[in-house]
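What follows is one structure encoded as structure tokens, with my remarks underneath.
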Amino acid sequence: MNTASIPVRSIRKSGAAARFPLDRWYVAGFSSEIQDQPIGRTFLNQKVVLFRTGGGEIAALEDRCCHRSLPLSCGTVEAHGVRCGYHGLLYAPSGQCLEIPGQERIPPKARVRSYQVVEKDRIVWIWMSRDDGSVPAVEPPDYPHHDDPRYKFGSGMYHYDAPWQLIHDNLLDLSHLGYVHLKTIGGNARLHMNAPMKVTQDGDTVKVIRLMPGSPPPPTYRAAWPFGETCDRWQEIEFHVSHLAIWTGAMEPGSGAKLDYNLYIDAARTTIWGDGAGETRVQFAQLGFQGGRPTQVEFDIFARLERQPLQRLYPDERRRAPAPG
Ligand code: FES
Ligand SMILES: [Fe+2]
């Protein structure tokens, strides 16, 4: 999916002052996480409950009962919806209240906001729209590797106590591997820093390809495949303003990058913005950094490229934010 073709809209909410790219798909979780219990998550500062109905469909609602505001994630999942754990109101995936224990009449206003969700390639995507009820303009991105029998699929989640833009910086710029990840996926730091690379930008998408032929296999790679002294490594990172994907791999030396693969890891990584973010965190996120103007070096081209689409979304912030210079 090329998100660059989507008309980009953002919101400026009073109070929460939330600024995120809207009318886009975000990662809500993995299919395997949504089973028989409701899950409460925060996306772009919006509290959401995810659950799977008896028919197997995944639904997402505002995580707040319209009666006395108990989070619906504290309730229970039933065949046709989620039941509040306080006084038992039952909500359909549409957000409409289906049942109020103890009374016949169900007021039409007894409902909560619903979100569009799509389960695809073992990822659950949520459409974060500007307006309640807006229809997604595009399909969620594809990650066919997840169902490709040539790969082993695994999933996990990291919670970062850091501004999300720094995480994007980190994942777009893997030159740090030789220093940070010495005991796992690191390797020769100098090779990492000097790796030939290609950086392209297409609308709001930034793509980085780094090739590292003749690399000593790092410990994780050696454990996964019987490499000799060296291997040919590559890394591909694709940044979109609502998510980010990384493909990395390694082959026997001399086979040339990406002719085939011996080891192909990290099929896809995606980021969830604002998960658990409080007001303070949001302010940090708007500024991009937790303090001061960061010193830039030549390879910070990634950070500059990543900021450009975001600064287009928030022109007001351009003057205030300590964007990489
Ligand atoms: S708070 Fe949910 S039913 Fe009363
Ligand atoms: Fe890292």
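In case it helps, my numbering puts the sequence shown at residues 12 to 336. Here a beta-carbon is modelled for each residue, glycine too, at the ideal position from N, C-alpha and C.
Pairwise C-alpha distance: residue j and residue i
{"i": "Gly167", "j": "Val217", "result": "24 Å"}
{"i": "Phe31", "j": "Leu55", "result": "7 Å"}
{"i": "Trp236", "j": "Tyr162", "result": "14 Å"}
{"i": "Arg221", "j": "Tyr171", "result": "25 Å"}
{"i": "Thr281", "j": "Cys95", "result": "Confidence in Thr281 is poor, its pLDDT being 43 and thus under 50, which makes the residue's placement too unreliable to answer from."}
{"i": "Arg75", "j": "Thr87", "result": "13 Å"}
{"i": "Ile111", "j": "Val135", "result": "30 Å"}
{"i": "Leu255", "j": "Leu193", "result": "23 Å"}
{"i": "Ser42", "j": "Asp158", "result": "12 Å"}
{"i": "Val149", "j": "Trp36", "result": "9 Å"}
{"i": "Val123", "j": "Cys77", "result": "6 Å"}
{"i": "Lys209", "j": "Val219", "result": "6 Å"}
{"i": "Pro79", "j": "Trp258", "result": "Rather than Pro, the amino acid found at residue 79 in this sequence is Arg. Looking at the two C-alpha atoms, the distance is approximately 46 Å."}
{"i": "Asp215", "j": "Val252", "result": "7 Å"}
{"i": "Leu182", "j": "Ser84", "result": "31 Å"}
{"i": "Gly99", "j": "Glu115", "result": "14 Å"}
{"i": "Phe250", "j": "Asp142", "result": "25 Å"}
{"i": "Val146", "j": "Gln46", "result": "26 Å"}
{"i": "Met223", "j": "Gly67", "result": "44 Å"}
{"i": "Ala173", "j": "Thr211", "result": "27 Å"}
{"i": "Ala234", "j": "Gly265", "result": "21 Å"}
{"i": "Glu263", "j": "Gln57", "result": "47 Å"}
{"i": "Tyr97", "j": "Gly113", "result": "13 Å"}
{"i": "Phe62", "j": "Phe238", "result": "44 Å"}
{"i": "Pro160", "j": "Asp184", "result": "29 Å"}
Beta-carbon spacing of residue i, residue j below 8 Å
{"i": "Pro228", "j": "Ala261", "result": "yes"}
{"i": "Thr64", "j": "Ala90", "result": "yes"}
{"i": "Pro151", "j": "Lys131", "result": "yes"}
{"i": "Asp34", "j": "Ser105", "result": "no"}
{"i": "Ala39", "j": "Ile137", "result": "yes"}
{"i": "Thr231", "j": "Ile196", "result": "yes"}
{"i": "Pro82", "j": "Val60", "result": "yes"}
Nonlocal neighbours in the same chain, by C-beta distance under 6 Å from residue i, ignoring five residues either side
{"i": "His203", "result": "Ser186, Leu188, Gly189"}
{"i": "Leu270", "result": "Here the model assigns Leu270 a pLDDT of 38, short of 50, so the residue's position is not dependable, and the following value carries that caveat. Excluding positions up to five away in sequence, the list is empty."}
{"i": "Ser125", "result": "Leu72, Ser105, Gly106"}
{"i": "Val191", "result": "none"}
{"i": "Glu247", "result": "Ile220, Trp258"}
N- and C-terminal bounds of the alpha helix (DSSP H) containing residue i
{"i": "Gly189", "result": "188–191"}
{"i": "His179", "result": "175–183"}
{"i": "Leu202", "result": "200–204"}
{"i": "Arg75", "result": "Here Arg75 belongs to no alpha helix (DSSP H), and DSSP marks it neither H nor E."}
{"i": "Arg233", "result": "230–235"}
Residues near residue i by beta carbon distance below 8 Å, same chain, minus five either side
{"i": "Leu109", "result": "His91, Gly92, Leu101, Tyr102, Ala103, Ile117"}
{"i": "Ser226", "result": "Gly198, Asn199, Leu202, Thr241, Cys242, Asp243, Arg244, Ala261"}
{"i": "Arg133", "result": "Phe41, Ser42, Ser43, Tyr154, His157, Asp158, Phe164, Ser166"}
Continuous beta strand (DSSP E) stretch holding residue i: start and end
{"i": "Thr392", "result": "It is not possible to answer for residue 392, since the shown part of the chain is limited to 12 through 336."}
{"i": "Ala261", "result": "254–262"}
{"i": "Tyr169", "result": "Per DSSP, Tyr169 belongs to no beta strand (DSSP E) and is neither H nor E."}
{"i": "Gln114", "result": "Counting along the chain, Gln114 falls outside any beta strand (DSSP E), and DSSP gives it neither H nor E."}
{"i": "Phe250", "result": "242–251"}
{"i": "Gln127", "result": "Taken as a continuous stretch (DSSP letters only), Gln127 belongs to no beta strand (DSSP E), as it is neither H nor E."}
{"i": "Ala39", "result": "35–41"}
{"i": "Pro224", "result": "216–226"}
{"i": "Phe54", "result": "50–54"}
{"i": "Ile134", "result": "134–139"}
{"i": "Arg63", "result": "57–63"}
{"i": "Val210", "result": "208–213"}
{"i": "Val93", "result": "92–94"}
{"i": "Leu340", "result": "This structure cannot speak to residue 340, because the chain is shown only from 12 to 336."}
{"i": "Leu109", "result": "108–110"}
Chain-order list of residues whose beta-carbon lies under 7 Å from that of residue i (same chain, five-residue window excluded)
{"i": "Glu44", "result": "Ile50"}
{"i": "Gln48", "result": "Val88"}
{"i": "Val128", "result": "Ala39, Ile69, Ala70, Ala71, Val135, Trp136, Ile137"}
{"i": "Tyr169", "result": "none"}
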